[in-house]
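Residue numbers (the working numbering): 395 to 884.
No residue lacks a Cβ here, since even glycine has one placed at the ideal position from N, Cα and C.
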RNA sequence: GGUCGGAUGGCCGAGUGGCUAGGCACGGGUCUGCAAAACCCUCUACAGCGGUUCGAAUCCGCUUCCGACCUCCA
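So, in structure tokens, the structure goes:
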């Protein structure tokens, strides 16, 4: 029993987090399909679940964090007659499929790295677990919940739903799914193979020209999308583990099907808690290629996109994401990002101020209360916006101590330092981004600052202003503070 | 069409039957040769119309508008 509460999408309520086998915690998060550069939206899940990961570690749990890489089997759609996203891209660029997967996996890792996201304990690839997936499919067939047609295997949603509840996670009713199927815009090929249009592929037959294919009991082919997560989570975390995370857009059909596959294997609902984060929107709409409102991570960090007024740093993006609760949509705008950038700087500056202030004999700060409010916030379904609001309350306190407006005792200062840094750096995973300047540049700058100060003392303001202005045009800002002049490089 | 979720001050974004969200911007101030930066203080909003209640932004109903999902999706 912990103080942490988590909203479970499956039960649709906020529950106390109790691990199956404390102190161990198993987490499975759906990772990306590596067929393109990550975009802004791809950053949210990793950041959200990184806080979960970090906080559970902070609480002393031994966390096994599994995040998969989907490098095969994710169909563009059935109409492509079995061509998957990776293979399609590969043909286009005349590269090995694995070359594509590796390339985009690397770019994904680069994003995670720059955003200071802890590495996963295990990062399994779907293509490396074909055997496990085949075994699982065989088990589902022998339990009577899947059938083979012409070299492909489909999950029999209808027969499954007679015994189990298909649609519970995503709030769907099987009768509606069946009744509503196919009456709308989408007409999919290959549907005639299926007993029911809601049946989903576990294994797809591959044509001769298909470059990613494996031998199986049903001939050459490749696995369907949903089975990889079931097979890999089972392999590394067991039939039942603690938390399964992902984006809300994966609720149906992906997670719904994962549950069905696990239960159809004679197992049970795989995850004790299902956590889903919401989407990042642009002008209130989800980022989508068709809307042409996508911003890639590279563009975001370089500012090279018409939607961007400037470049934003990885930490600014991380902080922007953390300033909203993970279950709400988060709308992108330049004004919002710039607000986050300034707020983040204030938050990080306070961690340095914390080491410059001195304790007093008497104390006027209720540190315990401030810390308690931070824990209350994160325990409440990872409410990072409230946590950050409380941290800003600490910032004001810290700055007021530094300004001599209020006093803090020795013990209280120690507690404040320890907890402030723990929340900002260890739990939220923020970090200072300032480049460490070389000794030579630093020495040069101190020389210039000294010369300028001498000019100022002689009231030779034309010289002092010239130094300041010329440095400014080079992107170096001088800041005259109480304790002398400092500088920042842009 | 079906299912679900929203509408909060200039912007972003929490929360919730009575008690300060927070950040950014604006305004005032400290510092300063000037400026910038930094810091302090200030700023009281909950789509519309009804209803329940001693009291509602928070509960209920209706209306308007917006979004997500419905086998590409983080």
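Pull up the DSSP beta-bridge partners for residue i, would you.
i: residue 655; result: Paired residue(s): none; residue 655 is not in a bridge.
i: residue 400; result: 409
i: residue 669; result: 639
i: residue 433; result: 690
i: residue 548; result: 541 and 595
i: residue 724; result: 674
Would you mind reading off the limits of the beta strand (DSSP E) that contains residue i?
i: residue 791; result: First-last for residue 791: 778 to 796, but that is the alpha helix (DSSP H), not the beta strand (DSSP E).
i: residue 849; result: It is not in any beta strand (DSSP E) - residue 849 instead sits in the alpha helix (DSSP H) that spans 833 to 851.
i: residue 542; result: 540 to 543
i: residue 595; result: 595 to 599
With 16 as the cutoff for other CB atoms within 10 Å, does residue i come out buried or exposed?
i: residue 877; result: exposed
i: residue 703; result: exposed
i: residue 720; result: buried
i: residue 666; result: buried
i: residue 420; result: buried
i: residue 873; result: exposed
i: residue 649; result: buried
i: residue 664; result: buried
i: residue 442; result: buried
i: residue 401; result: buried
i: residue 473; result: Interpretation of residue 473 is limited by its pLDDT of 39, a score under 50 that renders its predicted location unreliable; no figure is taken from the coordinates.
i: residue 897; result: Nothing can be reported for residue 897, as the shown portion of the chain is limited to 395 through 884.
i: residue 813; result: buried
i: residue 678; result: exposed
Assuming contact is defined by CB atoms lying nearer than 8 Å, are residue i and residue j in contact in what I supplied?
i: residue 545; j: residue 612; result: yes
i: residue 881; j: residue 839; result: yes
i: residue 691; j: residue 437; result: yes
i: residue 520; j: residue 596; result: no
i: residue 640; j: residue 424; result: yes
i: residue 781; j: residue 772; result: yes
i: residue 587; j: residue 543; result: yes
i: residue 537; j: residue 660; result: yes
Tell me which same chain residues have a C-beta within less than 8 Å of the C-beta of residue i, skipping the five on either side of it?
i: residue 470; result: With a pLDDT of 48 at residue 470, under the threshold of 50, the modelled position of this residue cannot be trusted; read the value that follows with caution. Answer for residue 470: 477, 478, 479 and 482, listed in chain order.
i: residue 645; result: 403, 563, 564 and 670
i: residue 842; result: 861 and 865
i: residue 851; result: none
i: residue 675; result: 681, 723, 724, 725 and 726
Quick one: what's got a C-beta closer than 6 Å to residue i's C-beta in the same chain, skipping five residues either side?
i: residue 578; result: With a pLDDT of 41 at residue 578, under the threshold of 50, the modelled position of this residue cannot be trusted, and the question is left open.
i: residue 403; result: 668 and 670
i: residue 823; result: 444, 448 and 510
i: residue 413; result: 419 and 636
i: residue 713; result: 734 and 738
i: residue 673; result: 680 and 723
i: residue 451; result: 457
Got a sec? Which residues, its chain only, sit under 7 Å from residue i by beta carbon, not counting five neighbours each side?
i: residue 491; result: 480, 481, 484, 605 and 606
i: residue 622; result: 462, 464, 467, 520, 523 and 527
Starting from residue i, follow the alpha helix (DSSP H) in both directions and report where the run begins and ends.
i: residue 491; result: 491 to 508
i: residue 711; result: 708 to 716
i: residue 438; result: 438 to 452
i: residue 804; result: 804 to 815
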